[in-house]
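Working notes, beginning with the structure itself.
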Amino acid sequence: MTGAFFSITGLCTGMFQIVRGALATPRAVCMASQGWHWDRAVGDWAQPVPYSLAEEATRVLGSAGAGAEEERSDCEGNASPSTSRRAVDTFYYDQLGLQPSASQSDIRKAYFQQSKRWHPDKSSEPNATERFQGISDAYQVLSDPERRRVYDAHGQQGIGEGFIDARTFFSVLLGADALEPYIGRVRLAEMFGDALFGGEDDDANQPADASRQKREAEKSKRRQVRRQVRLAVSLVERLDARTASSAAAFRQVALEEGKQLLKKDATVVRFLADIGWVYHNRAEAHLARCDSKFGSLGVRALCLRMRRGGREASQQAQTAKLALRSYLKLRKIVSEADTMTNAGGEEAAEMPGSISSALPTFMETFLSLTSHDITGTLDKVIERVLGDEAAGQEVCRQRAEGLRLLGDAFMEAGNGADTAAEAVAGSSPEGAVAGDEDERRRKRFEEAFAASLGAGSSGGPVRTGVD
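Using this note's numbering, the first residue of the sequence shown is number 880, and each one after it goes up by one.
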C-alpha cells in the first residue's frame, strides 16, 4: 500500500512539473529573446541592463585602469609593481645590478650608469673591458621585451641558436599580422606555444600549481576581452564613418582593401573569407530580427541561425579529424625517432622525410584552429557592435547594413583569389596541384621555423616573405 502511494505521488508530481514547464516555456522564450535573464536569487525575470560599448571600452581599455597596465605588461614585458617576475637565470640582471622584477625604465637607467662606470676609457680596473662587454650584452637582451621574455623563461641558452619563439613562429606561419586590425592577435601561440616549444615558467620536474594555472586562465580571459573590445571600438569607428559615403563607395573601398591584403600575403585568403562570412551572416541575422515582428524567432532569423550552426558544426568536425591525424603523425615521428636513436647508423637520414610529410597536416590543423579563433572572437565583437543599446536601434541598424557591405566585399575578394587559383590549378594535373600545395605548406613551415629561430638569436622577430 505504501509503495503504491509513493508511486502515485511521484507520477502526479512529474505530470505537474511537465505541465508547468510546458506553460512556462513560451514566456521564457519570449523574455529571453527580449534580453531578460532569470535571477535565481529572486526567482523572477530581471530586466536587462542597457549595454554601452563606450562604457565598456572606458572600463576595459582605460589608460588608468588595471587592464591597461596589464596590457602594457603583456606588450612591453614589464612586470607590474605588484607582480614578482620570475627568471630561471639572473646572470644578465646581475650584470646591471637589478632584480628580475625591474621595469624597462630601471633597465635603461642601470645600463647608462653601469656602462659609464665600466667604460674602458674611464675605468682603470683590469677587467673593465670584460665587464663593459657583459653590461652591453645584458642590455641588448633585457631592453628588448620579447628577448627578455625568452631569457626569463629559458636563460642564456634560450636566446641562443636553436630556440624557437612561439609567437614569431605562428605569426609567420599563419600570416596573421596582415589581418591584425580585423582579428587582433591570434591565440594559437598562447594555446600551443608552451606545449610545443616549452613553457615560460613551468618546471618539468614539478607538478603544475593549480592556483597559478587559475591566475593564468583569468589573465588569458581578460586579455581576450580586451582584444574583443578593442576590435569592437575599431569596427564601430569604421562603420560609423560609412554615413559619410555611399554604400557603393564604401563597398568598393573595402573590396580594394581586401585585394591589397591578399597581395601582401595570398595565404590569408581563407581567413579573409571567414571574416567576410561572419560579418555578412551576423549582419543579416540582426537585420532579420529588426524586420520581423517575431524578432529572433522569425523564419529568416532562424534560417540564418541554423546556417551558422551548421557551418560551425562542420568546422568542428573537420578540426577534430585534423587534430586526430596530426596526433597520429606526431606519434609516428616520435616512434621513428626513438627507433633510430636506439639503432643509429644510416637510418637517421630517413627522419627528415618523415617529418616533412607530416608538415602539411600540421599546417592544416593550425589553420583550422585559427579559423575557430577568428569566428569565436568576431562573434563577441559583433555582439558588442550591434548590441550597443546606448547608440540606439537606428544606429545599430546602420552598422548592420555597413557590416553586410564589408562582409560582401571581403568574400568577393576571397572568392576572386580562389577563382584565380582554381584557374591555374585547372591547367595542371591533379597530382601536381596537390603536390604543389603540400610543397607550399612545407615551405611556409620552414620559413616560420627560420624566422622564429632568428627571433631567438637576434634582436627580434624576423619577417619573411612567401612566394
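Ideal Cβ placement from N, Cα and C applies to all residues, glycine included.
Using DSSP with H/G/I as helix, E/B as strand and the rest coil, what is residue i?
{"i": "Ala920", "result": "coil"}
{"i": "Gly1335", "result": "The pLDDT assigned to Gly1335 is 47, lower than 50, so where the model puts this residue is not dependable; a value taken from the coordinates is nonetheless given after this. Helix, per DSSP."}
{"i": "Leu977", "result": "coil"}
{"i": "His1033", "result": "helix"}
{"i": "Val1065", "result": "coil"}
{"i": "Phe991", "result": "helix"}
{"i": "Val1264", "result": "helix"}
{"i": "Ser1125", "result": "coil"}
{"i": "Thr969", "result": "coil"}
{"i": "Glu1004", "result": "coil"}
{"i": "His1251", "result": "helix"}
{"i": "Glu1079", "result": "Per-residue confidence for Glu1079 stands at a pLDDT of 45, beneath the threshold of 50, marking its modelled position as unreliable; the derived number appears in the next sentence. It is coil, neither helix nor strand."}
{"i": "Phe1048", "result": "helix"}
{"i": "Asn957", "result": "Annotation note: pLDDT 42 at Asn957 (below 50); position unreliable, no value reported."}
{"i": "Asp1144", "result": "coil"}
{"i": "Ser982", "result": "coil"}
{"i": "Phe1324", "result": "helix"}
{"i": "Gly1271", "result": "coil"}
{"i": "Phe1289", "result": "helix"}
{"i": "Phe1173", "result": "coil"}
{"i": "Pro999", "result": "coil"}
{"i": "Phe895", "result": "helix"}
{"i": "Asn1084", "result": "The predicted model places Asn1084 with a pLDDT of 44, which falls under 50 and marks its position as unreliable; any figure quoted below should be read in that light. Reduced to three states, the DSSP call for Asn1084 is coil."}
{"i": "Arg1283", "result": "helix"}
{"i": "Gly889", "result": "helix"}
In whole angstroms, give me the CA-to-CA distance for residue i and residue j.
{"i": "Val1065", "j": "Asp1000", "result": "48 Å"}
{"i": "Ile1014", "j": "Ala1329", "result": "28 Å"}
{"i": "Thr1244", "j": "Ala1327", "result": "15 Å"}
{"i": "Asn1160", "j": "Ser1250", "result": "16 Å"}
{"i": "Leu1053", "j": "Asp1144", "result": "10 Å"}
{"i": "Ala933", "j": "Gln1107", "result": "13 Å"}
{"i": "His916", "j": "Ala1055", "result": "37 Å"}
{"i": "Ser1171", "j": "Ala883", "result": "52 Å"}
{"i": "Arg1187", "j": "Gln1272", "result": "23 Å"}
{"i": "Val921", "j": "Ala1128", "result": "52 Å"}
{"i": "Gln978", "j": "Leu1140", "result": "43 Å"}
{"i": "Ile986", "j": "Ser1175", "result": "56 Å"}
{"i": "Leu1201", "j": "Gln1195", "result": "10 Å"}
{"i": "Glu1136", "j": "Arg1283", "result": "16 Å"}
{"i": "Arg965", "j": "Ala1007", "result": "29 Å"}
{"i": "Thr1198", "j": "Asp1217", "result": "28 Å"}
{"i": "Asp1287", "j": "Trp1156", "result": "8 Å"}
{"i": "Asp1082", "j": "Asn1221", "result": "Confidence in Asp1082 is poor, its pLDDT being 45 and thus under 50, which makes the residue's placement unreliable; the coordinate value appears in the next sentence. For Asp1082 and Asn1221, the distance between alpha carbons rounds to 27 Å."}
{"i": "Glu1318", "j": "Ala1237", "result": "11 Å"}
{"i": "Glu1116", "j": "Thr1122", "result": "11 Å"}
{"i": "Ser1125", "j": "Val1147", "result": "28 Å"}
{"i": "Thr1047", "j": "Lys995", "result": "34 Å"}
{"i": "Arg1091", "j": "Val1051", "result": "30 Å"}
The alpha helix (DSSP H) spanning residue i covers which residue range?
{"i": "His1165", "result": "1148-1170"}
{"i": "Arg1105", "result": "1089-1119"}
{"i": "Thr1058", "result": "The amino acid at residue 1058 is misidentified as Thr; the sequence shows Leu. Unbroken run through Leu1058: none, as it is neither H nor E."}
{"i": "Phe1011", "result": "1007-1021"}
{"i": "Glu934", "result": "932-940"}
DSSP has residue i in a bridge; who is on the other side?
{"i": "Ala925", "result": "His916"}
Between residue i and residue j, which are expected to be in contact by the criterion C-beta below 8 Å, what is the C-beta distance as a whole number of angstroms?
{"i": "Phe1011", "j": "Leu1151", "result": "With a Cβ gap of about 50 Å, Phe1011 and Leu1151 do not count as contacting."}
{"i": "Pro1239", "j": "Arg1149", "result": "Not quite, the Cβ-Cβ distance comes to about 14 Å (not below 8 Å), so this is no contact."}
{"i": "Ala1111", "j": "Arg1263", "result": "4 Å"}
{"i": "Gly1034", "j": "Val967", "result": "5 Å"}
{"i": "Ala1269", "j": "Pro1060", "result": "At roughly 24 Å, the Cβ-Cβ gap does not stay under 8 Å, so Ala1269 and Pro1060 are not in contact."}
{"i": "Tyr1158", "j": "Leu1021", "result": "Going by Cβ atoms, the distance from Tyr1158 to Leu1021 rounds to 42 Å, so no, they are not a contact pair."}
{"i": "Arg1105", "j": "Leu940", "result": "7 Å"}
{"i": "Leu1118", "j": "Arg906", "result": "Their Cβ separation, rounded to whole angstroms, is 35 Å, which puts Leu1118 and Arg906 out of contact at 8 Å."}
{"i": "Met1242", "j": "Phe1173", "result": "Not really, about 44 Å apart at Cβ, beyond 8 Å."}
{"i": "Arg1276", "j": "Cys1169", "result": "6 Å"}
{"i": "Ile1212", "j": "Ser1233", "result": "6 Å"}
{"i": "Leu1134", "j": "Asp1252", "result": "Wrong, their Cβ atoms sit about 25 Å apart, outside the cutoff."}
{"i": "Ala1180", "j": "Ala1192", "result": "Not really, about 19 Å apart at Cβ, beyond 8 Å."}
From the beta carbon of residue i, is the nearest beta carbon of chain C less than 7 Å away?
{"i": "Leu1134", "result": "Going by chain labels, chain C is absent from the structure shown, which holds only one protein chain."}
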